[in-house]
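Count along the sequence shown starting at 1, add 11, and that's the number in the working numbering. Data block below; observations after.
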Amino acid sequence: MPVDMDKLVSLCKRRGFIFQSSEIYGGINGFWDYGPLGVELKKNIKDAWWHDMVRNPPAGPDGQEISMVGLDCAIIMNPKVWVASGHVGGFSDPMVDCLKCKRRFRADKVFLGAFFRLSEAESQAFSPSNHPFDVLITKGEVHRPSAPSPYPDNFLASRAPEFALSCEANGALEAQEHFAELAKALVKKRKLKGDYYGLESKSVNSALPNWQRSCPAEGCDGTLTEARSFNLMFKTYVGALQSEENVAYLRPETAQGIFANFKNVLDSSRVKLPFGIAQIGKAFRNEINPRNYTFRSREFEQMEIEFFCHPDESMKWYQYWRDVRKAWYTQLGIQSERLRPREQGKEELAHYSIGTTDIEYMFPFSDEPQELEGVAHRGAYDLTQHQTHSGKDMSYFDEELWAKADKTQFAGDRKAEQQAKWNAPYKFIPHVIEPSAGADRFTLAVLCEAYTEDTAPDENGKPQERVVMKFHPRLAPIKAAVFPLVNKDGMPEKAQALYRELKQEFAVFFDDKGAIGRRYRRQDEAGTPYCITIDGQTLQDETVTLRDRDSLKQERVKLAGVAEELRKRLRPR
Ligand code: ATP
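Below, the structure is given as structure tokens:
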């Protein structure tokens, strides 16, 4: 049974996992705050990632240790970084607004959606990055090339020019290009003639337009605005003057800070290829349509690795990271049937990418698995871009290989020797494999995965319905709760002493309020894996009960051994 998102959202608010940002002022779309339990959960996720990927990454494909270092870069960087990375030029979507219902849509999706008479949800799924043609064609939801077309021949031709012109009039050239790309993919898929869509053919422009730009939202008969281009980067100004020269951007990804520091890391830490640089940090995207709770937010945190390697070994490392990253999610309790690595189709790949695998999770709010993380083979693209734009050398010199080279071949010709030294195979731009994960998306997946409704007996043995968050113990916000069974006979003092000992090392909670069954329920909802109760027997034999959240099994363990028992159970495996 998929989790009911309304119930999960309400539990997250009630128990202090996630709040709407600035809720007392009506909130702000696309921004979220983590409450007392949420902040612990997300921190545990980031700590687990840092521990398992940076400090103690799994052995490489040859069984050898791999080399990883960390970095923490500024959120605002020199804006030239974003020109080099392509974000200033290309990080935008064409959008239209409905004048009546005020909703905003991706222009290309609305347009193609109208062509195929798709529902709004279907048009949302309609983009090259969602392999739409395969999906829609295999689902039989669009007519196949062999079937007679239900649309008049000039249907799209009569609309494409208007869309193109409208983009042009609004300076949204990217929108036009994006549409052209979609149209071309469509032409190819449907084996139609190249210029059917008229984008390349000026003559069709004169056949203009009577397409009513109507709102695709169900039940709305509003009209849409012209398509406008939106840059997804948040702009700000550095310094007192709000002028064009002082424009800067909040980073839309953490990766570029890593590339910009490639040489610094190389020179300061003496790492050798292959090695990775990792960073956890905030990223900001002015998403057009933030939705699905925290899934698509405007401020979020990324956990990114740029793994630099020799070009000849890059496919081996690409496969390695795909496997390592998928395995990490299952180790932390995500069921493998809800997890899907999906290799992007050729038409979806960014132009520089040799391959990308999205690791997707079947969120309850969607019929299709959605991206948790992208593992991309980015070739030499980023370092080359920064080398070109900054004029700084971004190559790697393989000292060991050069030391082994037979120098007699140069017969004392110093110039030829230098020439050879500063070129391949000794000096080259490394290839990059980028596993890029979202801390908030994984937190949401962990919350969805953990939410469980079951029954557990109360203190009288009567089965009661309960909500229990079955977090992996490593991720649980509170590791253990300590209870005195009753507030007398020295039990509170013993419980307090144990609580004070444990909190030096673990996130623990003390609770002496209400019936013991109620206290268990509260901890079940918070996802606390262990509850420790000091009872009458403790006073006689110095043992306590340790209750397991999932199996409900209660064991007696030595009071003095509780910390060691928790250590054993919480150790990363
Ligand atoms: P999407 O296709 O869902 O927009 P993307 O392919 O643009 O994602 P990347 O640029 O590859 O995402 O970013 C890497 C990771 O950062 C994603 O896998 C996701 O976990 C996270 N991420 C990206 N955008 C958002 C967002 N708006 N809100 C929350 N997390 C995000």
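Backbone N, C-alpha and C fix where the C-beta goes; we use that ideal spot for every residue, glycine too.
- Query: With respect to 7 Å, is the separation between the Cβ of G385 and the closest non-hydrogen atom of the ligand FMN below this value?
  - Reply: Among the ligands present in this structure, namely the ligand ATP, the ligand FMN is not found.
- Message: Measuring straight from C-alpha to C-alpha, what distance separates V457 and Y340?
- Response: 9 Å
- So is the beta-carbon of E371 under 7 Å away from any non-hydrogen atom of the ligand ATP? no
- Message: Between which residues of its own chain and K246 is the CB-CB distance below 7 Å, once the five residues before and five after are set aside?
- Response: So the qualifying residues of the chain are V258, Y260.
- Should P322 and K337 be called a contact, given that it needs their Cβ atoms to be closer than 8 Å? no
- Message: Going residue by residue through the stretch 249 to 312, where are the continuous alpha helix (DSSP H) segments of at least 4 residues, counting only ones entirely within it?
- Response: 266 to 271, 273 to 280
- Closer than 8 Å, CB to CB, is R567 near chain B or not? Among the chains of the structure shown, chain B does not appear; only one protein chain is present.
- Message: Taking the alpha helix (DSSP H) that L48 belongs to, which residues open and close that run?
- Response: 47 to 60
- Query: Who are A427's beta bridge partners in DSSP?
  - Reply: Paired residues: none, contrary to the question.
- Query: Counting along the chain, where does the alpha helix (DSSP H) carrying G547 start and finish?
  - Reply: 547 to 552
- Task: State the Cα-Cα distance for the pair Y372 and W332, rounded to the nearest angstrom.
- Result: Distance between Y372 and W332, taken at the CA atoms: about 17 Å.
- Item | Secondary structure of Q515, DSSP reduced to three states | coil
- With hydrogens ignored, establish whether the beta-carbon of T313 is closer than 7 Å to any heavy atom of the ligand ATP. The identity of residue 313 in the sequence shown is Gln, whereas the question assumes Thr. It does: the Cβ of Q313 is within 7 Å (strictly closer) of some heavy atom of the ligand ATP.
- Query: Out of curiosity, what's the CA-to-CA distance linking V11 and Q75?
  - Reply: Because the chain here runs from 12 to 584, residue 11 falls outside it and cannot be looked at.
- Message: Relative to the C-alpha of N297, which candidate in V94, P68, P263 has its C-alpha closest?
- Response: P263
- Query: Would the beta-carbon of S32 be found less than 7 Å away from any heavy atom of the ligand ATP?
  - Reply: no
- Query: Between V335 and E410, what straight-line distance do the alpha-carbon atoms span, to the nearest angstrom?
  - Reply: Inter-residue distance for V335 and E410 is about 29 Å (C-alpha atoms, whole angstroms).
- Message: Is the separation between the beta-carbon of S325 and that of H388 shorter than 8 Å?
- Response: yes
- Message: Would you say the beta carbon of D451 is closer than 7 Å to some non-hydrogen atom of the ligand ATP?
- Response: yes
- Query: Thinking C-beta only, is M244 closer than 8 Å to H98?
  - Reply: yes
- Message: Quick check: the Cα distance between P436 and F270, rounded to an integer number of angstroms?
- Response: 22 Å
- Query: Roughly how many angstroms separate the alpha carbons of T454 and L52, rounded to a whole number?
  - Reply: 7 Å
- Helix, strand or coil for K327 per DSSP? K327: helix per DSSP, three-state reduction.
- Message: Can you tell me which residues form a DSSP beta bridge with Y462?
- Response: M480
- Whole-angstrom distance between M64 and M79, CA atom to CA atom: Between M79 and M64, the alpha-carbon positions lie close to 8 Å from each other.
- Per DSSP, what kind of secondary structure is P441 in: helix, strand or coil? Residue state for P441 is assigned as coil, using DSSP reduced to three classes.
- For A422, which residues of its own chain have a beta-carbon under 8 Å away from its beta-carbon, when the five flanking residues on both sides are left out? none
- For W328, count neighbouring C-beta atoms within 10 Å of its own C-beta (all shown protein chains included) and say buried if the count is 16 or more, exposed if not. buried
- Query: Among R485, F306, D278, D108, which has the Cα closest to the Cα of M405?
  - Reply: D278
- Alpha-carbon spacing of S254 relative to I39, whole angstroms: 27 Å
- Message: Out of F318, G250, K293, which one is the CA nearest neighbour of G71?
- Response: F318
- Task: Please determine, among K426, W43, F482, D465, the residue with the shortest C-alpha to C-alpha distance to Q586.
- Result: This structure cannot settle anything about residue 586, because the visible part of the chain is limited to 12 through 584.
- Query: Where K54 and D73 are concerned, what is the direct C-alpha to C-alpha distance, given to the nearest angstrom?
  - Reply: 32 Å
- Take R307 and list the residues in its own chain whose beta-carbon comes closer than 6 Å to its own, dropping the five residues that flank it on each side. The beta carbon of R307 lies closer than 6 Å to those of E298, P301 in the same chain, with the five residues before and after it left out.
- Item | Sheet register partners of P468 (DSSP bridge) | The partner list for P468 (beta bridge, DSSP) reads P474.
- Task: Below 7 Å CB to CB, which residues in the same chain sit around A518 once its five sequence neighbours on both sides are set aside?
- Result: E51, P488, I489, K490
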